[in-house]
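Residues 3 to 279 (the working numbering) are what the sequence shown spells out, left to right.
C-beta: ideal position from N, C-alpha, C; glycine also.
None of the values given here were measured: they were computed from a predicted structure.
Below is one structure; the comments refer to it alone.
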Amino acid sequence: MINGNTLLIAHIGFPTHAFKAPMIYNPWFEQAGVNAIVVPMGCRPADYPDFLRAVFKLSNIRGALITMPHKVTTVGLLDEVSPTAAIAGACNAVRLSPDGRLQGDMFDGEGFVRGIQRKGLPLLSASALVVGNGGVGCAIAASLASAGVGTLSLFDVNTAAMNGLAERLHRHYPALNVLTGSTDPAGFDLVVNATPMGMKEGDPMPMDVARIAPTTFVGEVVMKSEMTAFLAAAQARGCRTQVGSDMLFEQIPAYLEYFGFPSTTPEVLRQLAQLSY
Numbered sequence: 003m004i005n006g007n008t009l010l011i012a013h014i015g016f017p018t019h020a021f022k023a024p025m026i027y028n029p030w031f032e033q034a035g036v037n038a039i040v041v042p043m044g045c046r047p048a049d050y051p052d053f054l055r056a057v058f059k060l061s062n063i064r065g066a067l068i069t070m071p072h073k074v075t076t077v078g079l080l081d082e083v084s085p086t087a088a089i090a091g092a093c094n095a096v097r098l099s100p101d102g103r104l105q106g107d108m109f110d111g112e113g114f115v116r117g118i119q120r121k122g123l124p125l126l127s128a129s130a131l132v133v134g135n136g137g138v139g140c141a142i143a144a145s146l147a148s149a150g151v152g153t154l155s156l157f158d159v160n161t162a163a164m165n166g167l168a169e170r171l172h173r174h175y176p177a178l179n180v181l182t183g184s185t186d187p188a189g190f191d192l193v194v195n196a197t198p199m200g201m202k203e204g205d206p207m208p209m210d211v212a213r214i215a216p217t218t219f220v221g222e223v224v225m226k227s228e229m230t231a232f233l234a235a236a237q238a239r240g241c242r243t244q245v246g247s248d249m250l251f252e253q254i255p256a257y258l259e260y261f262g263f264p265s266t267t268p269e270v271l272r273q274l275a276q277l278s279y
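Written as structure tokens, this is what we have:
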């Protein structure tokens, strides 16, 4: 039920037909008795800078979820961004501070990190390899650095993207040991596939699975299928794993906290979600 006291979360992107958030947040808001709603808002890139400012003129807006193609553009439109968003070079959450400043953060990496921590992997002083340094890979690397990993190895076929991420990590976390240029997973506590490899059947492996130790935790960001060939191969070696959709459900409690709502668990969100297209 929407009434005059309903708080709005704008879900801004273009196009909107694949948006999952309204089908996850809104059933939970209803079940929890929270008078709020996530509303998809399709905004073309040319209109976005003006629209972002305008939507926060609404008196009942609580925040905005930002998705493609606006995550990168958003960073330059805000008054303040978190270190995680600055390192990632992208932002997927915006809120208004009490003094009227637009603040932004990035929760893709936070969702990934929360998931592996809840599955029992300690990250303080751990070593991690992130293959794929695009938007989601940058976000994961930023959140791993924030969680206290000791060594972070990066690889991307786009060397400018890889080196740019390494430089931003050095700037914000000067004590972090940052390596670049190798996909060799041997010896790492955590390895992450943050590339699109695995979205299509027959895709090559993002790294040499035979070099992954059974004690290594393996994470995936591909959400098209729960169990990719890469994760299946890692499980066959005895590795603990995290599927791509866990990153989505784990970050929603972080969003709720950021926007000042009561929080919940990924398990409850999965149970209540009404995903259909």
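How long is the line joining the alpha carbons of residue i and residue j, rounded to whole angstroms?
| i | j | result |
| --- | --- | --- |
| residue 182 | residue 206 | 21 Å |
| residue 50 | residue 95 | 15 Å |
| residue 34 | residue 161 | 46 Å |
| residue 241 | residue 187 | 13 Å |
| residue 99 | residue 105 | 7 Å |
| residue 233 | residue 225 | 12 Å |
| residue 126 | residue 149 | 7 Å |
| residue 43 | residue 123 | 37 Å |
| residue 243 | residue 28 | 29 Å |
| residue 167 | residue 24 | 31 Å |
| residue 54 | residue 189 | 44 Å |
| residue 17 | residue 175 | 36 Å |
| residue 239 | residue 213 | 10 Å |
| residue 266 | residue 237 | 29 Å |
| residue 63 | residue 76 | 18 Å |
| residue 204 | residue 185 | 19 Å |
Taking the continuous alpha helix (DSSP H) assigned at residue i, which residues delimit it?
| i | result |
| --- | --- |
| residue 117 | 110 to 120 |
| residue 249 | 246 to 260 |
| residue 28 | 23 to 34 |
| residue 165 | 161 to 174 |
| residue 192 | Residue 192 -> not in any alpha helix (DSSP H); beta strand (DSSP E) instead, spanning 192 to 195. |
| residue 272 | 268 to 274 |
| residue 286 | Any question about residue 286 goes unanswered here, given that the chain covers just 3 to 279. |
| residue 87 | 85 to 90 |
| residue 233 | 231 to 238 |
Along the beta strand (DSSP E) that carries residue i, what are the first and last residues, could you check?
| i | result |
| --- | --- |
| residue 182 | 179 to 182 |
| residue 220 | 219 to 222 |
| residue 157 | 153 to 157 |
| residue 51 | First-last for residue 51: 50 to 57, but that is the alpha helix (DSSP H), not the beta strand (DSSP E). |
| residue 38 | 38 to 44 |
| residue 66 | 63 to 68 |
| residue 98 | 95 to 98 |
| residue 20 | No beta strand (DSSP E) holds residue 20; DSSP gives it neither H nor E. |
| residue 211 | It is not in any beta strand (DSSP E) - residue 211 carries neither H nor E in the DSSP assignment. |
| residue 130 | 129 to 133 |
Return the Cβ separation of residue i and residue j in integer angstroms, given the expectation that the two are a contact with Cβ distance under 8 Å.
| i | j | result |
| --- | --- | --- |
| residue 13 | residue 67 | 5 Å |
| residue 90 | residue 111 | 7 Å |
| residue 136 | residue 252 | Their Cβ separation, rounded to whole angstroms, is 20 Å, which puts residue 136 and residue 252 out of contact at 8 Å. |
| residue 48 | residue 8 | So it is not a contact: roughly 30 Å between Cβ atoms. |
| residue 208 | residue 132 | 10 Å between Cβ atoms; not a contact. |
| residue 275 | residue 11 | Incorrect: roughly 16 Å between the Cβ atoms, too far for contact. |
| residue 196 | residue 117 | Not a contact, Cβ separation roughly 14 Å. |
| residue 120 | residue 260 | Contact flag wrong, Cβ pair sits at about 18 Å. |
| residue 87 | residue 101 | In fact, because the Cβ distance is near 19 Å, the residues do not count as touching under 8 Å. |
| residue 257 | residue 58 | No, residue 257 and residue 58 are not in contact; Cβ-Cβ is about 17 Å, not under 8 Å. |
| residue 264 | residue 41 | Not a contact, Cβ separation roughly 20 Å. |
Check whether the Cβ atoms of residue i and residue j lie closer than 8 Å to each other.
| i | j | result |
| --- | --- | --- |
| residue 223 | residue 249 | yes |
| residue 292 | residue 177 | Past the boundaries of the shown model lies residue 292; the chain is included only from 3 to 279, so the question cannot be answered. |
| residue 191 | residue 128 | yes |
| residue 277 | residue 30 | no |
| residue 146 | residue 180 | no |
| residue 229 | residue 245 | yes |
| residue 215 | residue 141 | no |
| residue 218 | residue 193 | yes |
| residue 46 | residue 81 | no |
Tell me whether residue i is buried or exposed, calling it buried when 16 or more other Cβ atoms sit within 10 Å of its Cβ.
| i | result |
| --- | --- |
| residue 5 | exposed |
| residue 170 | buried |
| residue 61 | exposed |
| residue 56 | exposed |
| residue 73 | buried |
| residue 70 | exposed |
| residue 255 | buried |
| residue 84 | buried |
| residue 1 | This structure leaves residue 1 out entirely; the chain is present only between 3 and 279. |
| residue 15 | buried |
| residue 268 | buried |
| residue 164 | buried |
| residue 115 | buried |
| residue 144 | buried |
| residue 247 | buried |
| residue 158 | buried |
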